[in-house]
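Let me begin by presenting the structure, written as structure tokens, before commenting on it.
Structure (structure tokens):
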């Protein structure tokens, strides 16, 4: 097993500062080939301005070089990574900086923003735009005029993976999908996810909607700091009640799409799955962002993007956990 940690940060810091002095001038962030803020020192000088990178001490950081792939069936997916939140180590690297479609793992960012800045007790009236999703789209089945709480919409978003819930939450928070996407991109930038751009809250394919395995780790590690987020993704099934446009009571049961949570796929020995988020489209393939705990009590984020099938998705996830996260 190969794990890299903050010793690599020191090397990057030295190289980047040296580059600044060699060029004799400050370089705009957009011109840098690698823009992740990975400096270990809390402040450094560039162009007469102090830049604060103190938050990077909490990050898992590694070289942009794959490792671990020769001992897994890595060819079944385009990208994968294992991040030990307890030791701050990257333990498996398979194209973690490559741009990929996130599918419904996008909803991690949507949920993070709503839980962080919204109110779970607010009531939302479902618009025609939110209810009118494609027939082959993943939906909760909410209808125009339904009145439902933000909290229940979050369960529909993260368990049932409802695109209708995603649009309803975006409209609740920002008024429109477009305005909410701006918030998503602003939040991604705050978290250092510089290889990410969102155009919607649900993850349906768009050439300008993309992320990386590493960026999704950055976003997810912040989301799991929120107790309500962890509570939601740790739920296997939930029954929600709300009213329709006629004031009549409606009840629905939403089941988790994470097949570790439902028991359809066995959790690797020594691991406890806490929760996560699935995603599937033709463009993105099969995706899973997972939060688990190993036998030492260490918290692990593991990600597989663009697997070529569901069974291969869970096979590779098992391999990278047992081989690199114990």
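Residue numbers (my numbering): 4 to 329.
Built from N, CA and C at the ideal position, the CB exists for glycine as well.
For clarity, every value in this text was computed on a predicted model and none was experimentally measured.
query = Is the Cβ-Cβ distance between residue 304 and residue 86 less than 7 Å?
reply = Yes. Within cutoff.
key: Residue interval of the beta strand (DSSP E) (run including residue 302)   = Residue 302: member of the beta strand (DSSP E) spanning 302 to 310, first to last residue.
ask   = residue 173 to residue 133, Cα distance in whole Å?
value = Distance from the CA of residue 173 to the CA of residue 133, rounded to the nearest whole angstrom, comes to 9 Å.
task = Keeping to the same chain, check which residues put their C-beta closer than 6 Å to that of residue 325; ignore five residues upstream and five downstream.
result = Taken in chain order, the residues that qualify are 271.
task = Grab me the residues of residue 252's own chain with a C-beta within less than 7 Å of its C-beta, minus the 5 sequence neighbours each way, in chain order.
result = For residue 252, the CB contacts under 7 Å within the same chain, skipping 5 residues up- and downstream, are 244 and 246 in chain order.
message = Taking the alpha carbon of residue 254 as the reference point, which residue from 107, 139, 156 and 76 has its own alpha carbon closest?
response = Residue 254 has its Cα closest to that of 156, out of 107, 139, 156 and 76.
request  = State whether the region 205 to 216 contacts the region 103 to 113, with contact taken as three or more CB pairs (one from each stretch) at a distance under 8 Å.
outcome  = Result yes; three or more Cβ-Cβ pairs closer than 8 Å.
request  = Grab the span of the alpha helix (DSSP H) containing residue 126 for me, first residue to last.
outcome  = The continuous stretches of alpha helix (DSSP H) do not include residue 126, which lies in the beta strand (DSSP E) extending over residues 126 to 128.
ask   = In terms of alpha-carbon separation, which member of 307, 282, 287 and 124 lies closest to residue 111?
value = Among 307, 282, 287 and 124, the Cα nearest to that of residue 111 belongs to 282.
key: residue 353 versus 235, 227, 248 and 263, residue with shortest Cα-Cα distance   = Residue 353 lies beyond the stretch modelled for the chain, which goes from 4 to 329, so this question has no answer here.
key: residue 261 beta carbon less than 7 Å from that of residue 288   = Contact flag unset, no.
inquiry  = Suppose the cutoff is 6 Å on Cβ atoms and the five residues either side in sequence are ignored; what does the same chain contact list for residue 52 look like?
reply    = Residue placement at residue 52 is poorly supported in this model, since its pLDDT is 46, which falls under 50; the coordinates are not used for a value here.
inquiry  = Using a 10 Å radius around the Cβ and a threshold of 16 neighbouring Cβ atoms, would you call residue 102 buried or exposed?
reply    = Under this definition residue 102 is an exposed residue.
inquiry  = Between which two residues does the alpha helix (DSSP H) holding residue 182 run?
reply    = Per DSSP, residue 182 belongs to the alpha helix (DSSP H) from 180 to 193.
task = List the endpoints of the continuous alpha helix (DSSP H) containing residue 159.
result = Residues 153 to 161.
Nonlocal neighbours in the same chain, by C-beta distance under 7 Å from residue 183, ignoring five residues either side = Result list for residue 183: 173, 176, 177 and 204, in chain order.
task = Measure the C-alpha to C-alpha separation of residue 277 and residue 327 and round it to an integer number of angstroms.
result = Whole-angstrom Cα-Cα distance: 18 Å.
query = Based on Cα-Cα distance, which residue from 233, 114 and 300 lies nearest to residue 187?
reply = Minimum Cα distance to residue 187 is reached at 114.
ask   = Going by beta carbon distance, what residues of the same chain come within less than 6 Å of residue 24, once the five residues before and after it are set aside?
value = Per-residue confidence for residue 24 stands at a pLDDT of 35, beneath the threshold of 50, marking its modelled position as unreliable; the derived number appears in the next sentence. Excluding five sequence positions before and after residue 24, none of the CB atoms of its chain fall closer than 6 Å to its own CB.
query = Going by the CB atoms, is the gap between residue 96 and residue 135 shorter than 7 Å?
reply = No; because the gap between Cβ atoms is not below 7 Å, this pair is not in contact.
query = Going by beta carbon distance, what residues of the same chain come within less than 7 Å of residue 320, once the five residues before and after it are set aside?
reply = Contacts found: 291, 293, 305 and 307.
request  = Just tell me which of 221, 274, 310 and 268 has its CA closest to the CA of residue 63.
outcome  = When only C-alpha atoms are compared, the closest one is 221.
request  = Assuming residue 153 and residue 122 form a contact by the criterion Cβ under 8 Å, report the distance between their Cβ atoms to the nearest whole angstrom.
outcome  = The C-beta distance from residue 153 to residue 122 rounds to 6 Å, short enough to meet the 8 Å contact threshold.
query = Which one or two residues does DSSP pair with residue 70 in a beta bridge?
reply = Assignment of beta-bridge partners to residue 70 by DSSP yields 96.
request  = Counting only the same chain and skipping the five closest in sequence on each side, list residues whose C-beta sits under 6 Å from that of residue 318.
outcome  = Excluding residues up to 5 positions away in sequence, nothing lies with its Cβ nearer than 6 Å to the Cβ of residue 318 in the same chain.
message = Quick check on the DSSP output: the beta strand (DSSP E) that includes residue 255 runs from which residue to which?
response = Note, residue 255: beta strand (DSSP E), 252 to 258.
task = Please report how far the alpha carbon of residue 193 lies from the alpha carbon of residue 66, in whole angstroms.
result = Note on geometry: alpha-carbon atoms of residue 193 and residue 66 lie some 22 Å from one another.
key: From 301, 230 and 217, residue whose alpha carbon lies closest to that of residue 98   = For residue 98, the closest of 301, 230 and 217 by C-alpha to C-alpha distance is 217.
message = Quick check on this structure: which residue in 171, 269 and 322 has the alpha carbon closest to the alpha carbon of residue 148?
response = Checking every option, the nearest Cα to that of residue 148 belongs to 171.
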